[in-house]
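Shown next, in structure tokens, is the structure this report addresses.
In my numbering, the protein residues as written are 28 to 562.
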């Protein structure tokens, strides 16, 4: 960070109270349940739905796509805003499923911190590790929640060791569990010397907390059985000797994570975590952009699109661009400049999301996430400003790892298929390549499950049954270099050349040998596996 930014003025109170964060976890660690409980404590919903519950109780508020409801997984990142005490939380939900890592990666460009959810029985799992690496690349501060303590879980010191070793980050306990599995009765709140007891009977009730005076308070023995109390005192003595104390500065730079323990399904430990986010979570941060950084306290409004979601409302073929505001105080009806096309846009019906409900946003501040319904003008990576030509950078697009051809069940509907595919390409749900030779399209994705999601969405949203079929190609690379060199290369390799939905030239490969050959025979041409989503 630049030195001259240290003496920045204080943020306006409306911006300073914003906390914009994402939840990352492996599938099934309890992320959707935790999201629900956040909304419950934020007063946004009255009864939280469970992902695994039956019937109506399982319509969790943050999963809206038919396939998510059937499978009990979240596959599209959605944003929710709600108030907690004097703070405004903007929570961006991310798919935990590894097949959707690109969507998640882009979502993490729009937040200032991440909450990492870990399953007490399984510890750090592969997808958590991948998402953590992304946070690390962006130096995001991380708060950790160890969930499912009311089930048989591993030794607490073991879990902490695993986080420290696998993720190379220091851990400081913010709370400590008393008992594990069936014997789990609650937590000791280390940050505030309080006893938090869990109520197993009513899952939507807030747990009761008991003010005590440190670990020697005789009141502890009234609530905690003797054997558990003795273990708690021993554990906490070790914690104080062996583990670093909470340090907000180290957390802000991403080298220390505070950990809370609890059980999201029993609404336990969630409120303490939320208080932790309010107290230690960063306020809206500076955004990296070209040709200069954007400070949140600037008077002029700017923001960038990090996600596009099509057909959120099946009755209207709408497309909503999710915009993270980087600076200023936005008012409905404002005229903004769409930097890529240099055209002015009047934003007359921006929306805020409360789980799957949306309402018109009359105003919003830096740090907030608003949805702008549009008919395809806005794409991922676009920047909106009040006139200045700024472009927020660092939103990547990755080369797909799986390629398949696609055909419409009804050959007469090929035009409709093209429209559907282009829409998904702009949404960032898949890469769509049009080969130079032959008809048809090749669709590229990061994970196999995405083909199923695409097929089910094309059928649901466009009434078009489609089938995916094997392609001779296995990977795609963007072609960069001097225009003449690229044209010459494209002419002599026509059978491998395609264009993506932006019109950029792509080289489709069958084997690593193809890539090596290009590097050897065409030194003026560069093949890349990522491209910045900018103009």
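Backbone N, C-alpha and C fix where the C-beta goes; we use that ideal spot for every residue, glycine too.
Assign residue 103 to buried or exposed, taking buried as 16 or more other Cβ atoms, counted over all protein chains shown, within 10 Å of its Cβ. For residue 103, the predicted model reports a pLDDT of 42, less than 50, meaning its position is unreliable; a value from the coordinates is still stated below. Counting the other CB atoms within 10 Å of its CB gives residue 103 a total of 16 or more, which places it among the buried residues.
Please return the same chain residues whose Cβ sits closer than 6 Å to the Cβ of residue 47, not counting the five positions on each side in sequence. Only 117, 138, 139, 394 meet the Cβ criterion.
Could you check what DSSP says for residue 46 in three-state terms: helix, strand or coil? In the three-state reduction of the DSSP assignment, residue 46 falls in the strand class.
If you check the beta carbons only, do residue 544 and residue 508 fall under 8 Å apart? Judged by beta-carbon spacing, residue 508 lies beyond the 8 Å limit of residue 544, meaning their Cβ atoms are not closer than that value.
Comparing alpha-carbon positions, which option in 353, 208, 363, 477 lies nearest residue 333? The shortest C-alpha separation from residue 333 is found at 353.
Report the three-state DSSP secondary structure of residue 223 (helix, strand or coil). Of the three classes helix, strand and coil, the one that applies to residue 223 here is strand, per DSSP.
Does DSSP put residue 303 in a helix, in a strand, or in coil? In the structure shown, residue 303 sits in a helix (DSSP, three-state: H, G or I).
Within 10 angstroms of its Cβ, does residue 243 collect 16 or more other Cβ (buried), or is it exposed? By the C-beta density criterion, residue 243 is exposed, having fewer than 16 other C-beta atoms within 10 angstroms.
Ignore the nearest five residues each way along the sequence and tell me which others in residue 115's own chain have a CB closer than 6 Å to its CB. If you ignore the 5 residues before and after residue 115, its C-beta comes within less than 6 Å of the C-beta of 44, 45, all in its own chain and listed in chain order.
From residue 503 to residue 131, what does the alpha carbon distance come to, in whole angstroms? Going by C-alpha positions, residue 503 is about 21 Å away from residue 131.
At least 3 beta-carbon pairs within less than 8 Å: the stretch 358-378 vs the stretch 302-311: No contact exists between the stretch 358-378 and the stretch 302-311.
Mind reading off the beta-carbon distance from residue 419 to residue 316? Whole number of angstroms is fine, and I expect it under 8 Å. With a Cβ gap of about 5 Å, residue 419 and residue 316 count as contacting.
For the stretch 182-210, list the alpha helix (DSSP H) runs that are entirely contained and at least 4 residues long, ordered along the chain. Fully enclosed alpha helix (DSSP H) runs of 4 or longer: 183-194.
Using DSSP's beta-bridge definition, name the partner residues of residue 214. The partner list for residue 214 (beta bridge, DSSP) reads 204, 223.
Rounded to whole angstroms, what's the CA-CA distance from residue 331 to residue 361? Just pull it up for me. Looking at the two C-alpha atoms, the distance is approximately 15 Å.
Please state the DSSP three-state secondary structure of residue 137. Look at residue 137 here: in three-state DSSP terms it is helix.
Less than 6 Å between C-beta atoms, sequence neighbours within five positions excluded: which residues of the same chain meet that for residue 430? Within its own chain, the residues whose Cβ lies closer than 6 Å to the Cβ of residue 430, once the five positions on either side in sequence are excluded, are 469, 471, 498, 500, listed in chain order.
Mind checking residue 519: buried by the 16 CB within 10 Å criterion, or exposed? Residue 519 sits exposed, since fewer than 16 C-beta atoms from the chains shown fall within 10 Å of its C-beta.
Would residue 303 pass as a contact of residue 201 if the rule is Cβ separation under 8 Å? Yes, the pair counts as a contact, with Cβ atoms nearer than the cut-off.
Extent of the continuous alpha helix (DSSP H) run through residue 527: First-last for residue 527: undefined, no H or E at that position.
Pull up the distance between the alpha-carbon of residue 319 and that of residue 401, whole angstroms please. Spanning the two alpha carbons is a distance of roughly 28 Å.
Could you name the residues that DSSP lists as bridge partners for residue 290? Per DSSP, 295.
Excluding the 5 residues preceding and the 5 following residue 485 in the sequence, name in chain order all residues of the same chain whose CB lies nearer than 6 Å to its CB. Cβ neighbours of residue 485 beyond the five flanking positions: 447, 491, 493.
Going by the beta-carbon positions, is the gap between residue 481 and residue 456 smaller than 8 Å? Inclusion of residue 481 and residue 456 in the CB contact set at 8 Å is warranted, their separation being smaller than that value.
What's the call for residue 453, buried or exposed, on a 16-neighbour Cβ count within 10 Å? Residue 453 counts as buried, since no fewer than 16 other beta carbons sit within 10 angstroms of its beta carbon.
Looking at C-alpha atoms only, which residue of 521, 119, 57, 223 is the closest neighbour of residue 532? With distances taken between CA atoms, residue 532 lies nearest to 521 out of 521, 119, 57, 223.
Mark residue 81 as exposed unless 16 or more other C-beta atoms lie within 10 angstroms of its C-beta, in which case mark it buried. Here the model assigns residue 81 a pLDDT of 39, short of 50, so the residue's position is not dependable, and the following value carries that caveat. With fewer than 16 other CB atoms across the displayed protein chains lying within 10 angstroms of its CB, residue 81 is exposed.
Is it the case that the stretch 212-221 contacts the stretch 249-264, given that we only count it when at least three CB pairs across the two stretches are under 8 Å? Yes, the stretch 249-264 touches the stretch 212-221.
The alpha helix (DSSP H) that contains residue 121, what's its start and end? That residue, residue 121, is in no alpha helix (DSSP H); it is neither H nor E in DSSP.
For residue 61, is the classification buried or exposed, using 16 other Cβ atoms within 10 angstroms of its Cβ as the cut-off for buried? Within 10 angstroms of the beta-carbon of residue 61 lie 16 or more other beta-carbons, which makes it buried.
Going by Cα to Cα distance, which pick from 527, 109, 293 is closest to residue 380? Nearest in C-alpha terms to residue 380, of all of 527, 109, 293, is 109.
What's the gap between the Cα of residue 467 and the Cα of residue 436? Their Cα atoms are separated by approximately 13 Å.
Which stretch, first to last residue, makes up the beta strand (DSSP E) that contains residue 110? In the DSSP annotation of this structure, the continuous segment of the beta strand (DSSP E) that includes residue 110 starts and ends at 106-111.
By Cβ distance below 6 Å, which residues in the same chain neighbour residue 356 in space, the five residues on each side in sequence not counted? So the qualifying residues of the chain are 392.
Can you look up residue 438 in the DSSP assignment and give me helix, strand or coil? The DSSP-derived three-state label of residue 438 is helix.
CB of residue 402 to nearest heavy atom of the ligand FAD: below 7 Å? The ligand FAD is absent from the structure shown, which contains no ligand whatsoever.
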